[in-house]
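> Heads up: the sequence lines are chains A and B, in that order. Counting in this note's numbering, the first sequence runs from 78 upward without gaps. Counting in this note's numbering, the second sequence runs from 35 upward without gaps. Ideal Cβ positions, reconstructed from N, Cα and C, are used throughout, including at glycine. Once you've had a glance at the structure underneath, I'll fire off some questions.
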Amino acid sequence: MTYLDHAATTPMLPDAVAAMTEALPSLGNASSLHTSGRRARRAVEEAREEIAAVLGARPSEVVFTAGGTESDNLAVKGIYWARRDADPARRRILASAVEHHAVLDAVEWLVEHAGAEVTWLEVDEFGRVHADTLAAAIAEDPNDVALATVMWANNEVGTVNPVRELAEVAAAHGIPLHTDAVQAVGALPVNFGRSGAAALTLTGHKLGGPYGAGVLLLGRDVPCAPLLHGGGQERDVRSGTLDVPAIIGLATALRVAVADQPRRAAELAALRDDLVAAVRRVVPDVVLNGDPGQSDVDDGPSRLPGNAHFTFPGCEGDSLLMLLDARGIECSTGSACTAGVAQPSHVLLAMGVDRTTAKGSLRFSLGHTSTAADVTAVAEAIGPVVERARRAGLAGLRRAGEETTGVAVGSRGHA
Amino acid sequence: MTGMRVLAAMSGGVDSSVAAARAVEAGHDVVGVHLALSAKPGTLRTGARGCCTVEDARDARRAADLLGIPFYVWDFAERFTEDVVEDFVAEYAAGRTPNPCLRCNEKIKFAALLDKALALGFDAVCTGHYARLSLVDGRPELRRSADEAKDQSYVLASLTPEQLTHALFPLGDSVKTAVRAEAARRGLAVADKPDSHDICFIPDGDTRGFLAGRLGERSGELIDDATGQVLGRHSGVHGFTVGQRHGLGISTPAPDGRPRYVLALEPVSGTVRVGSADRLRVTEITGERPVWPSGVPLAGPVECVVQVRAHGGTAPAVAEAVDGGLTVRLRKPLRGVAPGQAVVLYRPDPAGDLVLGSATISATA
Numbered sequence: 078m079t080y081l082d083h084a085a086t087t088p089m090l091p092d093a094v095a096a097m098t099e100a101l102p103s104l105g106n107a108s109s110l111h112t113s114g115r116r117a118r119r120a121v122e123e124a125r126e127e128i129a130a131v132l133g134a135r136p137s138e139v140v141f142t143a144g145g146t147e148s149d150n151l152a153v154k155g156i157y158w159a160r161r162d163a164d165p166a167r168r169r170i171l172a173s174a175v176e177h178h179a180v181l182d183a184v185e186w187l188v189e190h191a192g193a194e195v196t197w198l199e200v201d202e203f204g205r206v207h208a209d210t211l212a213a214a215i216a217e218d219p220n221d222v223a224l225a226t227v228m229w230a231n232n233e234v235g236t237v238n239p240v241r242e243l244a245e246v247a248a249a250h251g252i253p254l255h256t257d258a259v260q261a262v263g264a265l266p267v268n269f270g271r272s273g274a275a276a277l278t279l280t281g282h283k284l285g286g287p288y289g290a291g292v293l294l295l296g297r298d299v300p301c302a303p304l305l306h307g308g309g310q311e312r313d314v315r316s317g318t319l320d321v322p323a324i325i326g327l328a329t330a331l332r333v334a335v336a337d338q339p340r341r342a343a344e345l346a347a348l349r350d351d352l353v354a355a356v357r358r359v360v361p362d363v364v365l366n367g368d369p370g371q372s373d374v375d376d377g378p379s380r381l382p383g384n385a386h387f388t389f390p391g392c393e394g395d396s397l398l399m400l401l402d403a404r405g406i407e408c409s410t411g412s413a414c415t416a417g418v419a420q421p422s423h424v425l426l427a428m429g430v431d432r433t434t435a436k437g438s439l440r441f442s443l444g445h446t447s448t449a450a451d452v453t454a455v456a457e458a459i460g461p462v463v464e465r466a467r468r469a470g471l472a473g474l475r476r477a478g479e480e481t482t483g484v485a486v487g488s489r490g491h492a
Numbered sequence: 035m036t037g038m039r040v041l042a043a044m045s046g047g048v049d050s051s052v053a054a055a056r057a058v059e060a061g062h063d064v065v066g067v068h069l070a071l072s073a074k075p076g077t078l079r080t081g082a083r084g085c086c087t088v089e090d091a092r093d094a095r096r097a098a099d100l101l102g103i104p105f106y107v108w109d110f111a112e113r114f115t116e117d118v119v120e121d122f123v124a125e126y127a128a129g130r131t132p133n134p135c136l137r138c139n140e141k142i143k144f145a146a147l148l149d150k151a152l153a154l155g156f157d158a159v160c161t162g163h164y165a166r167l168s169l170v171d172g173r174p175e176l177r178r179s180a181d182e183a184k185d186q187s188y189v190l191a192s193l194t195p196e197q198l199t200h201a202l203f204p205l206g207d208s209v210k211t212a213v214r215a216e217a218a219r220r221g222l223a224v225a226d227k228p229d230s231h232d233i234c235f236i237p238d239g240d241t242r243g244f245l246a247g248r249l250g251e252r253s254g255e256l257i258d259d260a261t262g263q264v265l266g267r268h269s270g271v272h273g274f275t276v277g278q279r280h281g282l283g284i285s286t287p288a289p290d291g292r293p294r295y296v297l298a299l300e301p302v303s304g305t306v307r308v309g310s311a312d313r314l315r316v317t318e319i320t321g322e323r324p325v326w327p328s329g330v331p332l333a334g335p336v337e338c339v340v341q342v343r344a345h346g347g348t349a350p351a352v353a354e355a356v357d358g359g360l361t362v363r364l365r366k367p368l369r370g371v372a373p374g375q376a377v378v379l380y381r382p383d384p385a386g387d388l389v390l391g392s393a394t395i396s397a398t399a
């Protein structure tokens, strides 16, 4: 099997499995005051300190959540509510048009149910938000902005945003910037303190940790109302008994992933470039979407090292996916909705790609278990797969042509 | 034939789940596909009506899991909207009574889906329809199901030989109760799922309300066909079907006290003609765009049995292909024959009545 969907989820790192396995049988609620509770609490605080240390944050800025979706929701809704409550004029959210649905849908919910307004930040043809775009959006009225939210690196096309510049622009007006760094942490150099962001989302299962464990790094002076009320854990921002083994697994994975990041990023980028070259050789008209990855943003590459996102003209993504799956190659068409229907990607649409072209897209994402053999497998399969998918695409067009004739005959019949 | 690459269309209902299971058991290489047909996915089904909901997609996925076959959801919402829903609305607006299930088979399942499947390397599309299909000397023979009450040959009769050559109906020889029992025996969770009925894109069953929402108010007169007397007004011919008795909204009873029925719809003037039951009797049907599922056009006048709507409405008749159309003389009059429906010709046979041909009803006399 060739697993090239690491951006969806990546295998747990052996160190994280070992640490979690060891932690699973231990008893103790981290909020309890007795010996068992203190032992659990100690494990949690050590994990918190470790996470803070590797990401350039303070331990008190680490808020444990159940994953990326919760962290995004907490940041967007929580900061919006807190800032609006402090000043009712602050109702505007500045959000990039290429955010993950966990941010997009949270913003749209606030617009529909909580009196928010949104200014969508346009992106360039690579899917990147520029600092002057943010500056212009703020300039419309610097006093009515509740928060800005721009992802660190895009999950579909892999383009990296200039977070430090963006945060600087926002900070000049006292506006908190949240960044969804789910794809970035472990793949790029990420330093919360240096980035200037007010809040940062990460999740365990994208970097070799467990599912259902995430973090919101939340600046100490950033106001944030809770989504979950209860026992007052996590600075009163996120109530709920802490999942001690998952937190230990997450911290372990994060430590290993961040320590390995420079070496792994170089390896993956080389492998990714081989993959792109191999696909281009077989399918000359293929389009690589997103930043070409040949420059730097902040201190890292301008594209996620493991990301290769293509458009295959004349093909439908779901046909490609099925044909590759049948050959044991696992990849993704992008984001899927609850019914599993492939919708044209909002990211590609925001980048100016038309709907039909957008449907012919496929994402290969490499990770820590990827090898040259995976690239070879794709290189061997992609030619026949694309040829067949093109035939299926043409079949759809041909039938549509016939129907036009059918309608004409029908209307003569009516007259 | 075994060892074909088969694409099983899986709605999430008991029939298509068992059909897929039988295709797997027959030794075919099966891939399950759920067609997303609703332009607004994400609604949960309430009650037995409708399909294409998130819950149906999940039921289909669970059935595929159990069968151990790959499963995908393919988006045909745009095609379905254009070719089935819009067609349905346009047909009613033109005073005809369409059959959307027939249209879906003709334009989606055995056209858009089949074309895509063939191009992707599949040999056939498998569905849970109740109809018997076999190849005799390379020609498809479509026959009524072993379960007379569930028979769906009527909505498959407008498929061409090319389409039927690549179709698989594994339930044709079975009765519904046996299919349910088999689903339970196989551990399929959908064994007790209620039958879907009515029109899948009108989940509340209110066809008139759906059409009113789409076509708006197009008022006209209700006229007594015998006397020319105006009996009242209505809000659009799309609210009526030939043969309809209830919901006419006429306050004055007929002079003879007998119920009145819709006799004809005239969409240009907006007139609905009503009259007594005996005026509904039809002895001759004209059909357009005939289709011969076996690829053999009628030769000369042929004695047969015709069916003029999805359930019931059968009569012995003599049919003849004339000038690219079809003329049917009924040996016994039928009531409520609505233009837009299909007239399907059967040759009675103990092994399942054989479909000879099908056409769209364009006129009656």
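#1: Are the C-beta atoms of G473 of chain A and some chain B residue less than 9 Å apart?
#2: On a Cα-Cα basis, can you pick out the residue from A:S396, A:Q371 and A:L352 that is closest to T79 of chain A?
#3: For the beta strand (DSSP E) containing Q341 of chain B, name the first residue and the last one.
#4: Does any CB atom of chain A fall closer than 9 Å to the CB of K150 of chain B?
#5: So within the segment 138-172 of chain A, which uninterrupted alpha helix (DSSP H) runs reach at least 4 residues, ignoring any that extend past its ends?
#6: Could you compute how far the alpha carbon of D207 of chain B sits from the alpha carbon of P384 of chain B?
#7: Express the C-alpha separation of R95 of chain B and Y106 of chain B in angstroms, rounding to a whole number.
#8: Would you list the one or two residues that DSSP bridges to N384 of chain A?
#9: When you compare only the Cα positions, how much space is there between A95 of chain A and L381 of chain A?
#10: Let me confirm a value: A117 of chain A is counted as buried when at least 16 other C-beta atoms fall within 10 Å, else exposed. Which label applies?
#11: From the beta carbon of D157 of chain B, is the nearest beta carbon of chain A less than 9 Å away?
#12: For T236 of chain A versus L171 of chain A, is the C-beta spacing smaller than 9 Å?
#13: Going by alpha carbons, who is nearest to I284 of chain B out of B:G277, B:V276, B:L360 and B:Y295?
#14: Give me the Cα-Cα distance between E189 of chain A and Q338 of chain A, rounded to the nearest whole angstrom.
#15: According to a CB-to-CB cut-off of less than 7 Å, which residues of the segment 91-120 of chain B neighbour chain A?
#16: Should R11 of chain B go down as buried or exposed, given a rule of 16 or more other Cβ atoms within 10 Å for buried?
#17: State yes or no: is the beta carbon of D82 of chain A nearer than 9 Å to at least one beta carbon in chain B?
#18: Taking Cβ positions only, does L426 of chain A come closer than 9 Å to chain B?
#19: Please report the distance separating the alpha-carbon of P322 of chain A from that of G105 of chain A.
#20: At a cut of 8 Å, does the segment 453-469 of chain A reach the segment 148-158 of chain B through at least three beta carbon pairs?
#21: Which residue's Cα is closest to the Cα of L304 of chain A: A:S316, A:D402 and A:L331?
#22: Using 8 Å as the Cβ pair cut-off and three pairs as the minimum, do the segment 98-118 of chain B and the segment 376-392 of chain B touch?
#23: Kindly indicate which residue of A:G429, A:A427, A:A435 and A:L426 has the alpha-carbon position closest to the one of T410 of chain A.
#24: Helix, strand or coil for C138 of chain B per DSSP?
#25: Could you pull the DSSP bridge partners for P350 of chain B from this structure?
#26: For a test of the three-state rule: what should DSSP assign to F122 of chain B, helix, strand or coil?
#27: Can you find a CB in chain B that lies within less than 9 Å of the CB of A85 of chain A?
#28: Does A290 of chain A pass the burial test, meaning 16 or more other C-beta atoms within 10 Å, or should it be called exposed?
#29: Can you tell me whether DSSP reads V430 of chain A as helix, strand or coil?
#30: For A244 of chain A, which three-state DSSP category applies?
#31: For Q420 of chain A and chain B, any beta-carbon pair shorter than 9 Å?
#32: Where does L104 of chain A sit, in a helix, a strand or coil, going by DSSP?
#33: Taking the straight line between their C-alpha atoms, what separation do you get for V140 of chain A and V292 of chain A?
#34: If you compare alpha carbons, which of B:S328, B:V362, B:T348 and B:R323 is closest to G334 of chain B?
#35: Counting Cβ pairs, one atom from each stretch, are 3 or more of them under 8 Å apart for the segment 171-183 of chain A and the segment 194-201 of chain A?
#36: Apart from the five residues on each side of it in sequence, which residues of its chain come closer than 6 Å, Cβ to Cβ, to G273 of chain B?
In brief:
#1: yes
#2: Nearest in C-alpha terms to T79 of chain A, of all of A:S396, A:Q371 and A:L352, is A:L352.
#3: It spans V336 to Q341 - the beta strand (DSSP E) in which Q341 of chain B sits, taken as one unbroken run.
#4: Interface residue, yes.
#5: Complete alpha helix (DSSP H) runs here, min 4: 145-150 and 156-163.
#6: Each residue's alpha carbon lies about 13 Å from the other.
#7: 8 Å
#8: A:S442
#9: 28 Å
#10: By the 10 Å Cβ count, A117 of chain A comes out buried.
#11: no
#12: no
#13: B:Y295
#14: 40 Å
#15: A91, P104, Y106, V107, W108, D109 and D117
#16: Because chain B in this structure spans residues 35 to 399, residue 11 of chain B falls outside the shown range and cannot be described.
#17: no
#18: no
#19: 11 Å
#20: yes
#21: A:S316
#22: no
#23: A:A435
#24: helix
#25: B:V339
#26: Correct three-state label for F122 of chain B: helix.
#27: no
#28: buried
#29: DSSP places V430 of chain A in coil when its eight states are reduced to three.
#30: Residue state, collapsed to three classes: helix.
#31: Judged by the 9 Å Cβ criterion, Q420 of chain A is in contact with chain B.
#32: coil
#33: Each residue's alpha carbon lies about 5 Å from the other.
#34: The candidate whose alpha carbon is nearest that of G334 of chain B is B:V362.
#35: yes
#36: R242
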